[in-house]
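Line by line, the protein sequences are chains A and B. Going by the working numbering, the first sequence runs without a break in its numbering and finishes at 173. Going by the working numbering, the second sequence runs without a break in its numbering and finishes at 346. For reference, the structure discussed in these notes is given below.
2 protein chains.
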Amino acid sequence: MPYTLSQASLPVFEIGLNAINAVLDKAAAHAAAKKIDMSVLLAWRLAPDMFPLTRQIQIITDQAKNGSARLAGIDPPKFEDTETTLDQLKERIAKTLAFLKTLDKGAIDASSEREITFPLGAHKGQMTGADYLKHFVLPNFYFHMTTAYGLMRSCGVDIGKRDFMGGIPLKTI
Amino acid sequence: MPYTLSQASLPVFEIGLNAINAVLDKAAAHAAAKKIDMSVLLAWRLAPDMFPLTRQIQIITDQAKNGSARLAGIDPPKFEDTETTLDQLKERIAKTLAFLKTLDKGAIDASSEREITFPLGAHKGQMTGADYLKHFVLPNFYFHMTTAYGLMRSCGVDIGKRDFMGGIPLKTI
């Protein structure tokens, strides 16, 4: 009954990134229908000292690419955080999805007990690969996924839990 | 390099439940300082058609206890959803934490390829154990964790990302 770090990470990021990409499309349709400039939604925040939608999307993609690259033992590609439009954010998501496909699953699987060192504010964090995935990368990934979703919900975008969950391998009986 | 379903679930729920328990304490302190009745915070919502804080806490605990019980192959204990006070919600979290300690880790680990059937609205959902954990239980757990956190943030409670992450095994160097 194997369960591996690559199984626990790559498909989760893939489904999540595709889900948030579709949520952004629904947000754009909502903005167009209501004659709201999309830049207003991209700058929306849940609280004045929380990040706006644009930054949430940047961090979601960072968690996916940086987390899985570090597990695979390679340096993550650096994305400049210069996106200002919906199309640029969607391109960033697409680039992240393409990068995930290049990773060596065996290298990720072999990292569960290896110490991973990663930037953490002005310091560095260190955790085993398994702990890094389950206690750092996934909570952060979902934190920003949910916050992005909640932002759009609070703006009136017509999305529900299924949009958040995305294309999961669920059989309904 | 083993990575198991019990490792990927039980400590994640434990850290998350303790984190949200501490967030609720900070919310209560905030309410007391601002002379806001705690029932106002417990009824707060991000959007009119999203669940209030009380329900978010109920679902967080449900995902943890139901998810892990089903992976262990046993019927989850049923909690009546009757909490109306902070103390009752904290007791629900404590009961969930105590229940998690009773589960058979070997049974959870053995369930990665076993079909799990679970209630899903008016239907039932079916997924393998590994898929159920990573594509259903964890996304739902974190969705409601983050929404509860975001609700408290939007009410002005003085919490940050560290409060959300909780007591993770992180070494700072």
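Note that beta-carbon positions come from the ideal geometry of N, C-alpha and C, so glycine has one too.
{"query": "Can you say whether G240(B) is buried or exposed, counting buried as having 16 or more other CB atoms within 10 angstroms of its CB?", "result": "buried"}
{"query": "At least one CB of chain B closer than 7 Å to the CB of D131(A): is that the case?", "result": "yes"}
{"query": "So who's on the other strand from L293(B), going by DSSP bridges?", "result": "H296(B)"}
{"query": "In the DSSP assignment, the alpha helix (DSSP H) including T96(A) goes from what residue to what residue?", "result": "L86 to L100"}
{"query": "Taking 8 Å as the limit between beta carbons, can you name the residues of its chain near G340(B), skipping five residues before and five after?", "result": "I188, N191 and A192"}
{"query": "If I'm right that S182(B) touches Y3(A) with Cβ under 8 Å, what's the distance once you round it to whole angstroms?", "result": "So it is not a contact: roughly 10 Å between Cβ atoms."}
{"query": "Quick one: give me the first and last residue of the alpha helix (DSSP H) that L276(B) is part of.", "result": "Run containing L276(B): none; DSSP gives neither H nor E here."}
{"query": "In whole angstroms, give me the CA-to-CA distance for K78(A) and Q58(A).", "result": "11 Å"}
{"query": "Buried or exposed, going by whether 16 or more other CB atoms sit within 10 Å of the CB of V40(A)?", "result": "exposed"}
{"query": "What residue range is occupied by the uninterrupted alpha helix (DSSP H) comprising G189(B)?", "result": "L178 to K207"}
{"query": "Quick one: what does DSSP say T255(B) is sitting in, helix, strand or coil?", "result": "coil"}
{"query": "Please report whether the beta-carbon of Q231(B) lies at a distance below 7 Å from any beta-carbon of chain A.", "result": "no"}
{"query": "Can you list, in chain order, the residues of its chain whose CB lies under 6 Å from that of H317(B), leaving out five sequence neighbours each side?", "result": "Q229, I232 and I233"}
{"query": "In terms of DSSP beta bridges, what is E113(A) paired with?", "result": "Note: E113(A) sits in no beta bridge, so no partner."}
{"query": "Using Cβ-Cβ distances below 9 Å, what residues of the segment 309-321 of chain B are close to chain A?", "result": "F309, L311, P312, N313, F314, Y315, F316, H317, M318, T319 and T320"}
{"query": "Distance cutoff 7 Å, beta carbons only. Does Q126(A) sit that close to anything in chain B?", "result": "yes"}
{"query": "What residues in its chain sit with their C-beta under 6 Å from that of M338(B), if we drop five residues either side in the sequence?", "result": "none"}
{"query": "If you follow the alpha helix (DSSP H) that M325(B) is in, where does it begin and where does it stop?", "result": "L311 to S327"}
{"query": "Identify, in the order they occur along the chain, each residue of the same chain with its Cβ nearer than 6 Å to the Cβ of E91(A), setting aside the five sequence neighbours on each side.", "result": "none"}
{"query": "Let me know if G160(A) comes out buried or exposed under the rule of 16 or more other beta-carbons within 10 Å of its beta-carbon.", "result": "exposed"}
{"query": "What are the residues of the segment 262-284 of chain B that lie near chain A, defined by any Cβ-Cβ distance shorter than 9 Å?", "result": "D282, A283 and S284"}
{"query": "Could you tell me whether any Cβ in chain B is nearer than 7 Å to the Cβ of M152(A)?", "result": "no"}
{"query": "Taking Cβ to Cβ, would you say M152(A) is nearer than 7 Å to A27(A)?", "result": "yes"}
{"query": "Of all the options I346(B), K344(B) and G323(B), which has the alpha carbon lying nearest to the alpha carbon of D336(B)?", "result": "G323(B)"}
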